[in-house]
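**Q** Residue numbers (this note's numbering): 326 to 642.
Ideal placement from N, C-alpha and C gives every residue a C-beta, glycine not left out.
Owing to the predicted nature of the structure, the values given are computational and were not obtained by experimental measurement.
Supplied in structure tokens, the structure appears directly below.
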């Protein structure tokens, strides 16, 4: 029988230039097992990402796989890559941070490897027992598995970010010789260019909802965010109404955030949205409806017209 060379493999999400913030939290989650941790950096021309990963505290080793097929990190070829890595190295577990990236890949990997993934873990009890939210965050499940090989995704806001280490761990360039069979085709990607903090790491987030009424009013939220140096988020209602792009969506089916300050402007507070931001340190809600559910989780509530309140707030800052 092949010996398991390393215990935990971290699936590194990145853009071929920089790691996503959730990777630092996934490494922190792996520390709970008190065993060796390897990070897989797979992509095209991503050596700088491998170097970044090697300098994170808690990382034992980095596996660097460079292949043009992985340029856009499509789920089908990434799944084949992970399967090949697991066949060769036999890790006890593979861990990723909860995101659209891991949601596309981990269930596929579970299917081809006949393993049931455990998603959105918020606490690790022991090697086989985990806690994860259910019912849009209103309940916490305790999940125990008897599988020898475990697939996990962790909620990054529930774990600290591991700091940068003074020494770098070794990087191993690997050649997997995979006969890739792509079934997906990359079409295009449209990203909004801005200098605002990423939602996953922002200390302050200003979120707009249906109360903004139209796309033409979205600048109201952006103005407050610019004044505070904050990230900009949106409720699903605002995204569905076309006020902004869907990469800003916060909630159960969007991004999960936990900033120091969360300001909800014109957000009613659907249960799915609250599930994505209720762990924020301080929550401020601005809404004309005093019965809006958002006030039930807010530390500070302002029953007011946001079109009058926000300009006044900006003026006083």
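Put residue 545 into one of helix, strand or coil per three-state DSSP.
**A** Reading the chain shown from its first residue, position 220 is the one you call residue 545. Helix at residue 545.
**Q** Between the region 379–386 and the region 401–415, are three or more C-beta pairs nearer than 8 Å?
**A** With the cut-off at 8 Å, the region 379–386 and the region 401–415 do not touch.
**Q** Any idea if residue 490 is buried or exposed, counting beta-carbon neighbours within 10 angstroms, 16 or more meaning buried?
**A** To locate residue 490, count along the chain shown from 1; it is residue 165. Exposed, because fewer than 16 other Cβ atoms sit within 10 Å of the Cβ of residue 490.
**Q** Scan the region 343–428 and note each continuous beta strand (DSSP E) run of 3 residues or more that stays entirely inside, going in chain order.
**A** Runs of the beta strand (DSSP E) inside the region 343–428: 362–368, 386–391, 418–422.
**Q** Helix, strand or coil for residue 339? Go by DSSP, reduced to three states.
**A** Taking the chain shown and counting its residues from 1, the one referred to as residue 339 is at position 14. It is a strand residue.
**Q** Candidates 623, 486, 597: which alpha carbon is nearest residue 460's?
**A** Residue mapping note: residue 460 aligns to position 135 of the chain shown, counting from 1. Of the candidates 623, 486, 597, the one whose C-alpha sits nearest the C-alpha of residue 460 is 597.
**Q** Rounded to whole angstroms, how far is the Cβ of residue 588 from the Cβ of residue 609, which I believe are closer than 8 Å?
**A** Your numbering for residue 588 matches position 263 in the chain shown. Your numbering for residue 609 matches position 284 in the chain shown. Yes, residue 588 and residue 609 are in contact; Cβ-Cβ is about 5 Å, under 8 Å.
**Q** According to DSSP, residue 498 sits in a beta bridge with which residue or residues?
**A** Working through the chain shown from its first residue, we reach residue 498 at position 173. Per DSSP, 389.
**Q** Which class does residue 433 belong to by DSSP, given the choice of helix, strand or coil?
**A** Taking the first residue of the chain shown as 1, we reach residue 433 at position 108. Helix, per DSSP.
**Q** Just the Cα atoms here: how many angstroms apart are residue 336 and residue 375?
**A** The residue labelled residue 336 in the question sits at position 11 within the chain shown. The residue labelled residue 375 in the question sits at position 50 within the chain shown. So the two alpha carbons sit approximately 12 Å from each other.
**Q** Give a yes or no on whether the C-beta atoms belonging to residue 532 and residue 454 are separated by under 9 Å.
**A** For the purposes of this step, residue 532 is identified with residue 207 of the chain shown, where counting begins at 1. For the purposes of this step, residue 454 is identified with residue 129 of the chain shown, where counting begins at 1. No.
**Q** So for residue 586, helix, strand or coil by DSSP?
**A** As a working note, residue 586 is residue 261 in the chain shown. Correct three-state label for residue 586: strand.
**Q** Are there 16 or more other CB atoms within 10 angstroms of the CB of residue 412, so buried, or fewer, so exposed?
**A** Indexing the chain shown from 1 puts residue 412 at position 87. Exposed is the call here.
**Q** Expressed to the nearest angstrom, what Euclidean distance is found between the alpha-carbon atoms of residue 580 and residue 574?
**A** Taking the chain shown and counting its residues from 1, the one referred to as residue 580 is at position 255. Taking the chain shown and counting its residues from 1, the one referred to as residue 574 is at position 249. Cα to Cα, the separation comes out at about 6 Å.
**Q** Only counting the same chain, and skipping five residues up and downstream in sequence, which positions put a Cβ closer than 7 Å to that of residue 369?
**A** Here residue 369 refers to the residue found at position 44 of the chain shown. These residues qualify, in order along the chain: 341, 391, 392, 393, 395, 396.
**Q** Out of curiosity, what's the CA-to-CA distance linking residue 429 and residue 553?
**A** Counting from 1 along the chain shown, the entry for residue 429 is found at position 104. Counting from 1 along the chain shown, the entry for residue 553 is found at position 228. When rounded, the distance between both Cα atoms is 34 Å.
**Q** How would you call residue 509, buried or exposed, if buried means at least 16 neighbouring beta carbons within 10 angstroms?
**A** On the chain shown, position 184 is the one that residue 509 refers to. With fewer than 16 Cβ atoms within 10 Å of its Cβ, residue 509 is classed as exposed.
**Q** Looking at the structure shown, is residue 486 part of a helix, part of a strand, or coil, going by DSSP?
**A** As a position in the chain shown, residue 486 is number 161, starting the count at 1. It is coil, neither helix nor strand.
**Q** Let's see if you can read the secondary structure: which residues bound the alpha helix (DSSP H) around residue 595?
**A** As a first step, residue 595 must be located in the chain shown, where it is residue number 270. Counting along the chain, residue 595 falls outside any alpha helix (DSSP H), and DSSP gives it neither H nor E.
**Q** Within this structure, are the beta carbons of residue 539 and residue 559 separated by less than 9 Å?
**A** Position 214 of the chain shown, counting from 1, holds the residue named residue 539. Position 234 of the chain shown, counting from 1, holds the residue named residue 559. No.
**Q** Quick check: the Cα distance between residue 620 and residue 524, rounded to an integer number of angstroms?
**A** Within the chain shown, the letter at position 295 stands for residue 620. Within the chain shown, the letter at position 199 stands for residue 524. If I take the Cα positions, the gap works out to 22 Å.
**Q** What is the C-beta distance between residue 316 and residue 350, in whole angstroms, given that I count them as a contact (C-beta under 8 Å)?
**A** In the structure as shown, the chain begins at 326 and stops at 642. Residue 316 is therefore absent and cannot be evaluated.
**Q** Measure how close the beta-carbons of residue 484 and residue 354 come, nearest whole angstrom, since I'm counting them as under 8 Å.
**A** Working through the chain shown from its first residue, we reach residue 484 at position 159. Working through the chain shown from its first residue, we reach residue 354 at position 29. Their Cβ separation, rounded to whole angstroms, is 5 Å, which keeps residue 484 and residue 354 in contact under 8 Å.
**Q** Quick check: what's the CA-CA separation for residue 642 versus residue 547?
**A** Your numbering for residue 642 matches position 317 in the chain shown. Your numbering for residue 547 matches position 222 in the chain shown. Each residue's alpha carbon lies about 15 Å from the other.
**Q** Pick out the complete alpha helix (DSSP H) segments inside the region 517–578, 4 residues or longer, and give them in chain order.
**A** DSSP runs (the alpha helix (DSSP H)) wholly in the region 517–578: 543–553, 561–565.
**Q** Checking 9 Å against the spacing of the C-beta atoms, do residue 577 and residue 562 come in under that value?
**A** The sequence position of residue 577 within the chain shown is 252, counting from 1. The sequence position of residue 562 within the chain shown is 237, counting from 1. The answer is no: Cβ separation not under 9 Å.
**Q** Name the DSSP beta bridge partners of residue 468, please?
**A** Locating residue 468 in the chain shown gives position 143, counting from the first residue. For residue 468, which the question treats as bridged, DSSP gives the partners 455.
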